[in-house]
Amino acid sequence: MLLSVLPAVARAQVLEDTLGADTLATDTVDYTARYLRAQEQEEVRVPVLPALTPAGPRPALTRLVFTRDSIEWMSGATVGDLLAQVPGVYLWRGGYTGRPELVNFEGRGASSTEYYLDGVPFVAAGIDSIAVDPSLFSTSFLDRVEVERWPGLLRVHLFTRRQDRLAPRTRIAIARGDRDFARYEGDLERRYASGAGFGLAADYLNSPTASGTSSSYSNTQVWAQGGYIPSDRFGVQYQLVRSRPKRRAFTISDLTPSDTIGAGYTATRTDAQFRLSLRPGGPNTGPGLDLIYARSAWDGAGLDQQINQLGGYASLRRPTLSLGVSGFHRSRWTPLDLRGTAGWTPAAQFTVSAEAAHQRHHGGRSSDYVALAAGLRPVRGVSLTGTARLGNVVAAPSILSDTAQRLRDFEASLAWDRERFGAEVRYTRTSAFNPFAYADFLELPSLAPSPEVDWLTASARVAPLRWLTLQSWYSDPRKGTVDGVPPTHSVSTATIRSKFMRAFPSGVFDLKLQLGMESWGQGTIGRDVLGVPVNLRGATFFTSLVEFQIQSFSLYWQRGNLSATKLTYVPGFRLPAFGSNFGVRWEFVN
């Protein structure tokens, strides 16, 4: 009754005074302080295990490097997308993303490429024990990719992420596309001042049927790393990479089983390695010793394989000289793999490197060869390099009937590189060779033996404006013919990239617009089950990429086969018209 006669303001005051006190706990987390502390930690470097890169110094023009920045700005889903940029590489694309992407380089078929994962030979296993399918490698786990180029051979060194800052790093990415294409990525890396650290990442890719009546693919990949690296002189690390691909058979008709032209399987591949690293003189110079145990396992498609490797690297590095030796015992196919390397720069304008290898394979077979390279830089911007591979090599150690083949491969390269213009010409002679085909392509079980072949490969880069770059490469067998690599093969791109510094003087903004074209002439892709040549029609494909970045957040939109052509990289494996996907990536430190 008393409240009813009080003025409205007074009644509100009485009600307010009679309310109970707030019993919720006060938020004691100072997020601003945590963020500032993480920013400070981002400037603090911590030691990491040295990457087991190819021994240096190395002559110019013998190596191509994809850094993390270039991997991100290409927005390629697989390592195959990266290798397609290497001059002379023809990628056997088996359809849409997730289908096989086998490399054929200068007619060497399944023996074209060797892969190393953090310095450990990545041995082919599963349904194809000769060739490694780079489409099964996720680029999200990789920090760097180095490609050694030799006549008739590419060596691809894959290096997983290394967190060298005290601040934690987190990365998330989401991509969607046509026909319910989906990709999800997550990454967490943490290092402590004590030297302990860990990394965890996962990548899920789902690529539904986009051509043919059945061709869907999915893959769940996991990367885990843990280690104790208290200084630049000592460290131990354990790493695991697990992949579970589910690839349906590629069929072009539901009417008969004979219309299945691409292999399908569900499998799990696990690659684990333990590494002990000693660097008494520090990470860059002096002696070094790395002891490694690695285990690879394949389970699926009716196969259960395990490959154990035990070995390591011993090295000595000086500012102008490096010496190294590596040895691995392998439980399958190649019990012994020994290599010695050397690199020397006696003068600023001259560099030489050499490698000698001895491999003992099951069945009393062996591979013995040397690889030599010498480079000269007579004037600024001009490079002249010669390389050679000489010896005998078993192309397929997993096939007991395969014997050693004689190698006499030579290459000469001349390049001129300036800020606004660059050009390079390579002339290669590869010796006669009996290449192997790829198990994923059921209707192309073989490639014809190739004679001695002369190759011409040229590339050029023109940047008429700072924000505009035109780039192209061209490769063609000038003498002799080979299966699996079409003549007059070229890849060209026109790229606009600008940070719009007038509008964003801090440099946080970055934009990339790119149009790409790949073209080749008519050739022979391989041989059918009766040994009859299978014709590959000449084709031209166009692609586009739009990507922009604001600080650590980026967004991209990628589209392929812009001309909607029905032509193919491999007969029968069509690519969808205007196939596109778009995605976002965000990397942060706290």
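Residues in the sequence shown are numbered from 188 upward in steps of one, following the working numbering. In this text, a Cβ means the ideal position worked out from N, Cα and C, and glycines have one as well.
message: Counting C-beta neighbours from all protein chains within 10 Å, is the total for G232 16 or more, i.e. buried, or is it exposed?
response: Per the sequence presented here, residue 232 reads as Arg, with Gly not at that position. Flag for R232 reads exposed.
- prompt: So A369 packs on N393, CB below 8 Å; how close in whole Å?
  reply: 5 Å
Rounded separation between G172 and G386 - CA only: The requested residue 172 does not occur in the structure, where the chain is confined to residues 188 to 777.
- prompt: Whose C-alpha, out of S618, A647, P636, S327, is nearest the C-alpha of V612?
  reply: A647
field: For A764, the three-state DSSP class (helix, strand or coil)
entry: coil
message: I believe Y625 touches A311 by the beta-carbon criterion, under 8 Å. Please report the beta-carbon distance rounded to the nearest angstrom.
response: Contact flag wrong, Cβ pair sits at about 11 Å.
message: Just checking: is the beta-carbon of V580 within a distance shorter than 8 Å of some beta-carbon in chain D?
response: In summary, chain D is missing from the structure at hand, where a single protein chain is found.
task: Give the range of the alpha helix (DSSP H) segment to which S257 is assigned.
output: 255-261
task: Taking G527 as part of the alpha helix (DSSP H), name the residues at either end of that continuous run.
output: Careful: G527 lies outside any alpha helix (DSSP H), inside the beta strand (DSSP E) at 523-534.
V266 in three-state terms, based on DSSP: helix
task: Kindly indicate which three-state DSSP category T590 falls into: helix, strand or coil?
output: coil
query: Of the residues P308, P692, K666, G468, which one's Cα is nearest the Cα of L239?
result: P308
message: Closest to W603 by C-alpha separation, out of R576, R348, V566, would be which residue?
response: V566
- request: Locate the beta strand (DSSP E) running through T574, then write down its first and last residues.
  value: Start and end: 569-580.
- prompt: Tell me the DSSP bridge mates of N755?
  reply: Looking at the sequence itself, residue 755 is Thr, so the reference to Asn does not match. DSSP, once it has assigned bridges, lists R761 as partnering T755.
query: Three-state secondary structure (DSSP) at D320?
result: coil
- prompt: On the three-state DSSP scale, how would you describe T396?
  reply: coil
message: With three or more beta-carbon pairs closer than 8 Å as the criterion, would you say the segment 443-459 touches the segment 483-496?
response: Yes, since at least three Cβ pairs between the segment 443-459 and the segment 483-496 fall closer than 8 Å, the two stretches touch.
task: Quick one: measure Cβ to Cβ for T347 and Q426, integer angstroms, because I've assumed they're closer than 8 Å.
output: 7 Å
- request: Look up W660 in the DSSP assignment and give the residues it is bridged to.
  value: Answer is S646, V678.
field: Same chain, Cβ closer than 6 Å to G306, five either side skipped, listed in chain order
entry: L239
message: Between which residues of its own chain and S299 is the CB-CB distance below 6 Å, once the five residues before and five after are set aside?
response: V290, N291, F292
field: Given P467 as reference, the closest of S322, G422, V428 once Cα atoms are compared
entry: G422
message: In the DSSP output, what is G499 paired with across the bridge?
response: L478, G514
message: By DSSP's criteria, M688 is part of a beta bridge. Which residues make up the other side?
response: Partner(s): none; M688 has no beta bridge.
task: Determine the DSSP secondary structure at A223, reduced to helix, strand or coil.
output: According to the sequence displayed, residue 223 carries Leu and not Ala. In the structure shown, L223 sits in a helix (DSSP, three-state: H, G or I).
message: Please report the straight-line C-alpha distance between D320 and L223, rounded to a whole angstrom.
response: 44 Å
field: Backbone secondary structure at L206 - three-state DSSP
entry: Summary for L206: the model assigns pLDDT 47, below 50, so the residue's position carries little reliability; its value from the coordinates is reported in the next sentence. L206 falls in the coil class under three-state DSSP.
message: Using 8 Å for Cβ pairs, my map puts Q709 next to T680. What's the rounded Cβ distance?
response: The pair is not a contact, with the Cβ atoms about 24 Å apart (cut-off 8 Å).
Same chain, Cβ closer than 6 Å to W773, neighbours up to 5 away in sequence not counted: I359, F740
message: Restricting to Cα atoms, I'd like to know which of A534, L629, P522, Y661 is closest to R547.
response: Comparing Cα positions, the closest option is P522.
message: Please classify G399 as buried or exposed, where buried requires at least 16 neighbouring CB atoms within 10 angstroms.
response: The Cβ neighbour count for G399, taken over all protein chains shown within 10 Å, is at least 16; the residue is labelled buried.
task: With L723 as the anchor, note down where its beta strand (DSSP E) starts and where it stops.
output: 720-723
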